[in-house]
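Residue 301, in my numbering, is where the sequence shown stops; the numbers in between run on with no holes.
Here a beta-carbon is modelled for each residue, glycine too, at the ideal position from N, C-alpha and C.
Note that the structure is predicted; figures quoted are calculated from it, not measured.
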Amino acid sequence: MAISGVSLEFARGAQDAGLHASTKQLIDLRIMAFPLDYIRAARQAGYQNFSAQDYIDLSIHGVHTGFLRDLKAYGYNLNPRDIVELAIHGVSSEFIGD
Numbered sequence: 204m205a206i207s208g209v210s211l212e213f214a215r216g217a218q219d220a221g222l223h224a225s226t227k228q229l230i231d232l233r234i235m236a237f238p239l240d241y242i243r244a245a246r247q248a249g250y251q252n253f254s255a256q257d258y259i260d261l262s263i264h265g266v267h268t269g270f271l272r273d274l275k276a277y278g279y280n281l282n283p284r285d286i287v288e289l290a291i292h293g294v295s296s297e298f299i300g301d
């Protein structure tokens, strides 16, 4: 873990943000320079049950937390895979709102 840059502070931060990640998942998050603020913002937007892999997938496909907030605001409660599909196909918050 130390070689990958997973510090005790990072592991605690992930846990404090509400993520229950395995050692491998913590390493994967760290390798991607994943910001823990993303987890907090996603949870504040109403997405409480994403896994570490969900966050990695969302991040890889450029899903911003503002998009997650907009989905909830427009009444959608999609699973991470469906959100990634929207991102892959270029669906915007404006399109969802319309």
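When DSSP states are grouped into helix, strand and coil, residue 251 belongs to the coil group. Spanning the alpha carbons of residue 297 and residue 258 requires a straight line of approximately 23 Å. Per DSSP, the continuous alpha helix (DSSP H) segment holding residue 287 begins and ends at 283 to 291. Look at residue 225 here: in three-state DSSP terms it is coil, with no helix or strand label. Burial is judged here by how many other beta carbons sit within 10 angstroms of a residue's own beta carbon; residue 242 has at least 16 and is buried.
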